[in-house]
Amino acid sequence: MANRISIGAHSYGYGLYVSQSGDDVLNPSKALVFDSRAGNAWTIKKIAEGSIGPNASPNYNTVNHALGYNPLVAVRWSTSITNGKATEVYDPGWGEEWRESPAESGGQDDFFTTTWRDGCIWTHHDTNNVRVHNMCNEAYVDEGSDDGDENFLSNSTVYYGIIIFHNGDFTGGRGL
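So the sequence shown is residues 5 to 180, counted in my numbering.
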C-alpha cells in the first residue's frame, strides 16, 4: 500500500503533500493531488500529455475528466521536442484584430483585419471532456503579409501538456 499523505519534512521541502490513488507521496511518479507549496493549492484532477499530427483527422485529442462541469484548465504546447522535452513552449491562443487606416485624399477609410492563431487551442467539448486542437495548418501571423509567414507552422505536430483542476472554470470556457 502506497503512502498517500506526507506532513512535515519531505524531499520537496517542509509542507503538506497528497499523492494520487496508488502513488507513493514519498516518491511520486504522478502529479500530486495537493501540494501546499502551490499558493492557493488548486487541486489537480488530471494531468495528460499527447501529440496531434499535422494532418490528423480529426485535428484534436479528447481528454476525459468526468467532472460533470467545465473545470479550470491549463495547457502548454510545443512543436519542438528533443529527448522527450519541449525546447520551446507556448500558451494556446486565437485572436482577431480590426484595423482602420486613414482615408487618403478625401476617400473612405480602409478597414482590414489581421487574424492570428497559434498552433494549439483547447475547448470544453462538454462537461466531461476537453479537446486539444492542432491549429498549425490554420496558423498565420498576418493575412496581408508578403513575407511568407502566413503558414509558418504548417505541417507541424503539436505536443501538449494539459492540467485539469477540480476548480470550476471562471474564464467562461476560454482557458487561462
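Note that CB positions come from ideal geometry on N, CA and C, so glycine has one too. These numbers were taken from a predicted model, which means no experiment stands behind them.
Notebook entry, point to check: Would you say S33 and A6 are within 8 Å of each other, going by their C-beta atoms?
Noted result: Translated into positions along the sequence shown, residue 33 becomes position 29. Translated into positions along the sequence shown, residue 6 becomes position 2. Their beta carbons are not under 8 Å apart, which means S33 does not touch A6 by this criterion.
Check: Using the C-alpha atoms, what's the distance from S82 back to Y164?
Finding: Locating residue 164 in the sequence shown gives position 160, counting from the first residue. Locating residue 82 in the sequence shown gives position 78, counting from the first residue. Their backbone Cα atoms lie some 6 Å apart in a straight line.
Check: Alpha carbon to alpha carbon, how far is H69 from S158?
Finding: By one-based count along the sequence shown, residue 69 stands at place 65. By one-based count along the sequence shown, residue 158 stands at place 154. Near 30 Å, if we compare the C-alpha coordinates of S158 and H69.
Margin query: Which residue wins for smallest C-alpha separation from A78, given the options N59, I56 and K49?
Written below: On the sequence shown, residue 78 is found 74 positions in, with the first residue counted as 1. Of N59, I56 and K49, the residue nearest in Cα terms is K49.
Checklist line | Straight-line gap, L71 to N141 (C-alpha atoms, nearest Å) | finding: Counted from its first residue, the sequence shown places residue 71 at position 67. Counted from its first residue, the sequence shown places residue 141 at position 137. Cα to Cα, the separation comes out at about 32 Å.
Next item on the list: Rounded to whole angstroms, what's the CA-CA distance from L20 to K89? Just pull it up for me.
Entry: Taking the first residue of the sequence shown as 1, we reach residue 20 at position 16. Taking the first residue of the sequence shown as 1, we reach residue 89 at position 85. For L20 and K89, the distance between alpha carbons rounds to 29 Å.
Next item on the list: Use the C-beta contact count for Y64: other C-beta atoms within 10 angstroms, 16 or more gives buried, fewer gives exposed.
Entry: The residue labelled residue 64 in the question sits at position 60 within the sequence shown. So Y64 counts as buried.
Notebook entry, point to check: If you draw a straight line from the C-alpha of N59 to the C-alpha of W126, how long is it?
Noted result: Position 55 of the sequence shown, counted from the first residue, corresponds to residue 59. Position 122 of the sequence shown, counted from the first residue, corresponds to residue 126. So the two alpha carbons sit approximately 17 Å from each other.
Check: CA-CA distance, C124 and G57?
Finding: Position 120 of the sequence shown, counted from the start, is the residue given in the question as residue 124. Position 53 of the sequence shown, counted from the start, is the residue given in the question as residue 57. If you take the alpha carbons of C124 and G57, they lie about 12 Å apart.
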